[in-house]
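J.:
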Amino acid sequence: MKDSIPLAPLQRYAWFNLIVFATTVALYVVAVPALAWYFHRTLAAAALPSLGLFGLCGIWGFGSYFFYDRRRRAIVKLDERENSIYLRAGTIGFAVSLQVFVFLCMGVWAVWSYGYHRTTIPVGFLPFLVFLAGAVVWVTQSIAILVQYKRSAADDAL
Amino acid sequence: MTPSESAQLKNRIRRLRFDHGEITQQELADRVGVARQTIIALEAGKYAPSLLLAFRLAAAFGVKTEDVFQWESE
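Just so you know, the sequences run in chain order G and R.
Numbering follows this note's numbering, with no gaps: position 148 of the first sequence is 148.
Numbering follows this note's numbering, with no gaps: position 27 of the second sequence is 1027.
Spelled out as structure tokens, the structure:
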């Protein structure tokens, strides 16, 4: 008889990261028209300050608490397979993030330079790019964790 | 270890679980100190364990390592 398998701490961590990100994106999508309506601005003008909502992604820092076992009052140790899943997912996350970061850095500079004929980019782009690179790491890593768990899960878990 | 190499490593973990009083995957996982998902992956032949885990699994069943894992050369 099949039974449900409780999520491993690493899976909970990954789901938590994805839920936080999805919630933040949903709030942002709602906030842009809301701010535009409230402050009588255009959607484009409201889009930039609404980016502040992505500060909510700081909640990701609490993801580590999924590795804490209250009953044992100890950090849950990942076993050897989970460690390899975590490391592989992290490697994928950083590799994708670096590509996105470098591409955007050079892409933004190129657009700014050739499109707008300016030699410098607004300093506001820098924290945005850094955040984006971090977000790509977290989201890609979380997806990679869940995919690896799903691939190795048996259908006939008795 | 590549997936094809992993497929060559057969194990009798499920058989041994039932031979030893039908212990559950969770009980076995607790005995050897891994997650239940790891036992599931092992039984499905989708994960090749380290030598240390292989010995711990054999010890949990009170058998030799070669009674749990077999390498099938092509």
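Built from N, CA and C at the ideal position, the CB exists for glycine as well.
Remember, it's a predicted structure, so these values are computed and weren't measured experimentally.
1) Excluding the five sequence neighbours on either side, which residues of its own chain have a C-beta within less than 8 Å of the C-beta of F1055(R), listed in chain order?
2) Kindly identify the DSSP beta-bridge partner or partners of I75(G).
3) Helix, strand or coil for K1010(R), going by three-state DSSP, please let me know.
4) Is the segment 1018-1036 of chain R in contact with the segment 77-90 of chain G, if contact means three or more CB pairs nearer than 8 Å?
5) Hey, does D69(G) have any beta-carbon neighbour from chain R nearer than 7 Å?
6) From the DSSP secondary-structure annotation, give me the bridge partner or partners of W1071(R).
7) How about T1038(R): is its C-beta nearer than 7 Å to some C-beta of chain G?
8) Compute the Euclidean distance between the alpha carbons of D69(G) and L10(G), then round it to the nearest angstrom.
9) At the 7 Å Cβ level, is R81(G) part of the contact set with chain R, yes or no?
10) Can you list, in chain order, the residues of its chain whose CB lies under 8 Å from that of S50(G), leaving out five sequence neighbours each side?
11) Short of 7 Å in beta carbon distance, which residues of its chain neighbour W1071(R), apart from the five on each side in sequence? Order them along the chain.
12) Anything in the segment 3-17 of chain G with a Cβ closer than 7 Å to a Cβ of chain C? List those residues in chain order, please.
13) My output table needs one value for I92(G): the three-state DSSP class, helix, strand or coil.
14) Quick check: L1042(R) and I1013(R), are their CB atoms within less than 7 Å of each other?
15) Tell me whether G1021(R) sits in a helix, a strand or coil according to DSSP, three-state version.
16) According to a CB-to-CB cut-off of less than 9 Å, which residues of the segment 1049-1072 of chain R neighbour chain G?
17) Enumerate, from N- to C-terminal direction, the unbroken alpha helix (DSSP H) stretches of 4 or more residues contained entirely within the segment 110-154 of chain G.
18) May I ask you to report which of helix, strand or coil DSSP gives T24(G)?
19) Please classify Y1047(R): does DSSP put it in a helix, a strand, or coil?
20) Rounded to whole angstroms, what's the CA-CA distance from T24(G) to S97(G)? Just pull it up for me.
21) Under a three-way DSSP split, which group does G1033(R) fall into?
22) May I ask which residues mark the beginning and end of the alpha helix (DSSP H) holding P6(G)?
23) Is it buried or exposed for W37(G), if we count other Cβ within 10 angstroms and need 16 for buried?
T.: Taking the definition as stated:
1) Apart from sequence neighbours up to five positions away, the residues of its chain that approach F1055(R) with a beta-carbon distance below 8 Å are T1065, ordered along the chain.
2) Y68(G)
3) strand
4) yes
5) no
6) Answer is L1009(R), bridged to W1071(R).
7) With 7 Å as the cut-off, T1038(R) counts as an interface residue toward chain G.
8) 13 Å
9) yes
10) Y28, A31, V32 and L35
11) Q1008 and L1009
12) The chain labelled as chain C is not found among the protein chains of the depicted structure, namely G and R.
13) helix
14) Yes; because the gap between Cβ atoms is below 7 Å, this pair is in contact.
15) coil
16) P1049, S1050, L1052 and L1053
17) 125-152
18) helix
19) coil
20) 19 Å
21) coil
22) In the DSSP assignment, P6(G) falls outside any alpha helix (DSSP H) and carries neither an H nor an E.
23) exposed
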